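Notes to accompany the following structure.
There are 2 protein chains.
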Amino acid sequence: MATDLPTTQRRIVLRRRPEGLLAHDDVEEVEAPVPPLEDGEALLANEVLGIDASVRSWLSPAKGYLPPVEPGEGVRCSTVGRVVASRCPAYAVGDVVTTLGAWEEFTVIRDDLFSTWLSGPDPTYDTTAFLALCGSTGCTAYIGMLEVADVQEGETVVVSAAAGATGSVAAQLAKLRGARVIGITGSDEKCRWLLEELGLDGAINHRTEDVSARLKEMGARADVFFDNVGGPVLDAVLSRLALRARVVLCGAIATYNDTGKAPGPSNYLNLIQQRATMTGFLSLDDIPRFPEIGARLRAWEQEGRLRYHAEVFEGLGSSVDALNAMFTGANTGKIVIRLG
Amino acid sequence: MATDLPTTQRRIVLRRRPEGLLAHDDVEEVEAPVPPLEDGEALLANEVLGIDASVRSWLSPAKGYLPPVEPGEGVRCSTVGRVVASRCPAYAVGDVVTTLGAWEEFTVIRDDLFSTWLSGPDPTYDTTAFLALCGSTGCTAYIGMLEVADVQEGETVVVSAAAGATGSVAAQLAKLRGARVIGITGSDEKCRWLLEELGLDGAINHRTEDVSARLKEMGARADVFFDNVGGPVLDAVLSRLALRARVVLCGAIATYNDTGKAPGPSNYLNLIQQRATMTGFLSLDDIPRFPEIGARLRAWEQEGRLRYHAEVFEGLGSSVDALNAMFTGANTGKIVIRLG
Numbered sequence: 000m001a002t003d004l005p006t007t008q009r010r011i012v013l014r015r016r017p018e019g020l021l022a023h024d025d026v027e028e029v030e031a032p033v034p035p036l037e038d039g040e041a042l043l044a045n046e047v048l049g050i051d052a053s054v055r056s057w058l059s060p061a062k063g064y065l066p067p068v069e070p071g072e073g074v075r076c077s078t079v080g081r082v083v084a085s086r087c088p089a090y091a092v093g094d095v096v097t098t099l100g101a102w103e104e105f106t107v108i109r110d111d112l113f114s115t116w117l118s119g120p121d122p123t124y125d126t127t128a129f130l131a132l133c134g135s136t137g138c139t140a141y142i143g144m145l146e147v148a149d150v151q152e153g154e155t156v157v158v159s160a161a162a163g164a165t166g167s168v169a170a171q172l173a174k175l176r177g178a179r180v181i182g183i184t185g186s187d188e189k190c191r192w193l194l195e196e197l198g199l200d201g202a203i204n205h206r207t208e209d210v211s212a213r214l215k216e217m218g219a220r221a222d223v224f225f226d227n228v229g230g231p232v233l234d235a236v237l238s239r240l241a242l243r244a245r246v247v248l249c250g251a252i253a254t255y256n257d258t259g260k261a262p263g264p265s266n267y268l269n270l271i272q273q274r275a276t277m278t279g280f281l282s283l284d285d286i287p288r289f290p291e292i293g294a295r296l297r298a299w300e301q302e303g304r305l306r307y308h309a310e311v312f313e314g315l316g317s318s319v320d321a322l323n324a325m326f327t328g329a330n331t332g333k334i335v336i337r338l339g
Numbered sequence: 000m001a002t003d004l005p006t007t008q009r010r011i012v013l014r015r016r017p018e019g020l021l022a023h024d025d026v027e028e029v030e031a032p033v034p035p036l037e038d039g040e041a042l043l044a045n046e047v048l049g050i051d052a053s054v055r056s057w058l059s060p061a062k063g064y065l066p067p068v069e070p071g072e073g074v075r076c077s078t079v080g081r082v083v084a085s086r087c088p089a090y091a092v093g094d095v096v097t098t099l100g101a102w103e104e105f106t107v108i109r110d111d112l113f114s115t116w117l118s119g120p121d122p123t124y125d126t127t128a129f130l131a132l133c134g135s136t137g138c139t140a141y142i143g144m145l146e147v148a149d150v151q152e153g154e155t156v157v158v159s160a161a162a163g164a165t166g167s168v169a170a171q172l173a174k175l176r177g178a179r180v181i182g183i184t185g186s187d188e189k190c191r192w193l194l195e196e197l198g199l200d201g202a203i204n205h206r207t208e209d210v211s212a213r214l215k216e217m218g219a220r221a222d223v224f225f226d227n228v229g230g231p232v233l234d235a236v237l238s239r240l241a242l243r244a245r246v247v248l249c250g251a252i253a254t255y256n257d258t259g260k261a262p263g264p265s266n267y268l269n270l271i272q273q274r275a276t277m278t279g280f281l282s283l284d285d286i287p288r289f290p291e292i293g294a295r296l297r298a299w300e301q302e303g304r305l306r307y308h309a310e311v312f313e314g315l316g317s318s319v320d321a322l323n324a325m326f327t328g329a330n331t332g333k334i335v336i337r338l339g
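These protein sequences, in sequence, are chains A and B. The opening position of the first sequence corresponds to residue 0 in numbering that gives the first Met the number 0, with each subsequent residue numbered one higher. The opening position of the second sequence corresponds to residue 0 in numbering that gives the first Met the number 0, with each subsequent residue numbered one higher.
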């Protein structure tokens, strides 16, 4: 074990459940104890915290696939860091590990499903790239697009939140399979990024354009729709399904800040007309496969076939702004918080 | 060819598109010509007209899998009758044939996908039983339950409109496969019928009971939900899905009388939580297999393993009431109109 271990740390805890966007005074930065390690535990010094839509959903009271974060608890998120002390045979000091931690400087990890060893001591290991491309974000895109939707060459694919962390990877993976890919996003700048940087075949700004009408203009009916958004965007694409379309539900960011119940997609009956399928999935089920999938994504990135963009916020104090950037549509790609 | 063929007939035509339930003056009974047969045609004297939810949906302007019925045209429906004249090698005088006809005494048929030869001349052939069990109704139930949902022994199955023509067959087919089957219907009397006559394991009256709460009380989560109804019933069952549930969308009778757009199922996000699938199908795609499937259903009925109930209305003049009975929830089983 290393000496001079921290006994306290900075952590951001939930004070009360947010209504809508997370307000600065819904959370509180506190000094929290770092408990001494027990057998089987290691201490991870977090280097980057990953923001994704589920961070917000865990703050709502609804029971999901993980219990909601309770007031007084740290705000749950993925993190990547380096081991600073270990009483667990799976981890040595200096190892790079990703875990389901929180908005905090240190996380106690175990050798379980939620923590994955990434690398031995390697000062050049790019922890931001990992979160943006090879962690749960990229694996979710991979599983949803290549396995659940099983997109085929020549198919027409529509991706919502296409400039977001998951959507941008999903869209590129569909291109790699030889599909025609149309991305839906929330600004003209992001539309340009989709077309010019990611090489998509079409881009629609859902804030200024009629999604259904634009798809029609493009002569596009979706064989696959990879939906991160829900709400009116889902409804619009449901009106433009191809025969035997597969709608893959990855999330519904449009609804995560709602306190009441969001209306459902009134065009769902087109699933009958088009003999189509709408399937929900949680990449969580495939966590044991993340290292293998992540390695494949990393290889494609190194061959120049996959790109990512990370929006970096600095310091724990930027956490609330980082989370909200996700919902205001300000970001392109993955949002991460880099700790000092 | 037979002599003394009719040159005119009674037919009910659409005068204007209904709003909500079909009103008596939305249609008109007229005397219409029976055109002389051309080569390849035969004339069917309709004996029974079949009512199902699609009859109403075809009166709405929305383009579906068949074009909407236009004002001035006969009200489209399935019929079964006997051939009274033929210039088509596929049919002889006296043959029993089912077709996609209309609310009319005679239908001109051809040897195409929409007409199926059922039997040679046979005065005992039960045309009502055919419509109730072995025609498109029963085949839809068979394909939806046994093929699309592919229900397995021991699974929990929920069927909406379970006392209706399609639902009652679907529910019994799930029982035949060894599933636990809970039917949702609209009256206590129909609940009793489901339990006592069809032998279902549970029945819920959605007009007086909270569907979601009752399923919870029964400890039931749906592995399969066969939905004929849509609306609040669909939403309620979506809140009680088992892991990897299959929701099979057969129709949405709750919405067919709506003129505006019905709200979608706001609980659709449970498809993500439960890694579930919602699939639409149209049995129309399998019309060539209807004779084979119908024969299987007929055999099960004769072995006493499948039951049906037919609600018989007498005469063309009862057509409007027959159609509306379907939506007011007054009927059990299949609604047919018997012509004089």
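Yeah, the Cβ is synthetic: ideal placement off N, Cα and C, and Gly gets one too. Remember, it's a predicted structure, so these values are computed and weren't measured experimentally.
Taking Cβ-Cβ distances shorter than 7 angstroms, what residues in chain A pair up with residue i?
{"i": "ALA261/B", "result": "SER265"}
{"i": "ASP226/B", "result": "Under the 7 angstroms cutoff, chain A gives no residues; its nearest Cβ is about 10 angstroms from ASP226/B."}
Three-state secondary structure (DSSP) at residue i?
{"i": "ARG360/B", "result": "Because residue 360/B is not part of the residues shown, which for chain B are 0 to 339, the question remains open."}
{"i": "ARG243/A", "result": "strand"}
{"i": "GLN171/A", "result": "helix"}
{"i": "GLN301/B", "result": "helix"}
{"i": "ASN323/B", "result": "helix"}
{"i": "PHE289/B", "result": "helix"}
{"i": "MET0/A", "result": "Any answer about MET0/A is weak, because its pLDDT of 46 lies below 50 and its placement is not dependable; what the coordinates show is given next. Here MET0/A sits in coil by DSSP."}
{"i": "LEU20/A", "result": "coil"}
{"i": "SER238/A", "result": "coil"}
{"i": "THR127/B", "result": "helix"}
{"i": "THR165/B", "result": "helix"}
{"i": "LEU248/A", "result": "strand"}
{"i": "ALA44/A", "result": "strand"}
{"i": "GLY316/B", "result": "helix"}
Assuming residue i is part of the alpha helix (DSSP H), what are its boundary residues?
{"i": "PRO32/B", "result": "It is not in any alpha helix (DSSP H) - PRO32/B instead sits in the beta strand (DSSP E) that spans 26 to 32."}
{"i": "ASN269/A", "result": "269 to 272"}
{"i": "GLU310/A", "result": "GLU310/A -> not in any alpha helix (DSSP H); beta strand (DSSP E) instead, spanning 309 to 313."}
{"i": "GLY137/A", "result": "135 to 141"}
Can you list the residues of chain A that residue i reaches, using a CB-CB cut of under 8 angstroms?
{"i": "GLN272/B", "result": "GLY63, TYR64, GLY279 and LEU281"}
{"i": "THR276/B", "result": "THR276, MET277, THR278 and GLY279"}
{"i": "ASP284/B", "result": "ARG274"}
What residues of chain B sit near residue i, judged by a beta carbon separation below 7 angstroms?
{"i": "THR351/A", "result": "The question about residue 351/A has no answer here: the residues shown for chain A are numbered 0 through 339."}
In chain B, what lies closer than 9 angstroms to residue i by C-beta?
{"i": "LEU268/A", "result": "GLY229, LEU248, GLY250, ALA251, THR254, ALA261, GLY263 and GLY279"}
The beta strand (DSSP E) that contains residue i, what's its start and end?
{"i": "GLY339/A", "result": "It is not in any beta strand (DSSP E) - GLY339/A carries neither H nor E in the DSSP assignment."}
{"i": "ILE11/B", "result": "7 to 13"}
{"i": "GLY279/B", "result": "276 to 279"}
{"i": "VAL157/A", "result": "155 to 159"}
Taking only beta-carbon positions, decide if residue i is within less than 9 angstroms of chain C.
{"i": "VAL158/B", "result": "Protein chains A and B are contained in the structure displayed, whereas chain C is not."}
For the ligand FMN, is there a heavy atom less than 8 angstroms away from the beta-carbon of residue i?
{"i": "LEU4/A", "result": "The model depicted lacks the ligand FMN and carries no ligand whatsoever."}
Worksheet item: Along the chain, which unbroken stretches of the beta strand (DSSP E) at least 3 residues long are found entirely within the stretch 51 to 123 of chain A?
Response: 75 to 85, 95 to 101, 105 to 108 and 114 to 118
Does the stretch 32 to 51 of chain A come close enough to the stretch 141 to 148 of chain A to have 3 or more Cβ pairs within less than 8 angstroms? no
Would you check if there are 3 or more beta carbon pairs closer than 8 angstroms linking the stretch 267 to 279 of chain B to the stretch 123 to 132 of chain B?
-> no
Practice item. Identify every run of the beta strand (DSSP E) within the stretch 171 to 229 of chain B, keeping only runs that are complete inside it and at least 3 residues long; order them along the chain. Key: 179 to 184, 201 to 204 and 221 to 226
- Is the number of C-beta pairs between the stretch 74 to 85 of chain A and the stretch 97 to 115 of chain A that are closer than 8 angstroms three or more? yes
- Message: Is it the case that the stretch 198 to 208 of chain B contacts the stretch 168 to 187 of chain B, given that we only count it when at least three CB pairs across the two stretches are under 8 angstroms?
- Response: yes
- Query: Taking three-plus beta-carbon pairs below 8 angstroms as touching, is the stretch 284 to 299 of chain A in contact with the stretch 282 to 298 of chain B?
  - Reply: no
_Check whether the stretch 229 to 236 of chain B and the stretch 234 to 250 of chain A are in contact - that is, three or more C-beta pairs closer than 8 angstroms._
no
- Taking one C-beta from the stretch 155 to 167 of chain A and one from the stretch 318 to 332 of chain A each time, how about it: are there three or more such pairs within less than 8 angstroms? yes
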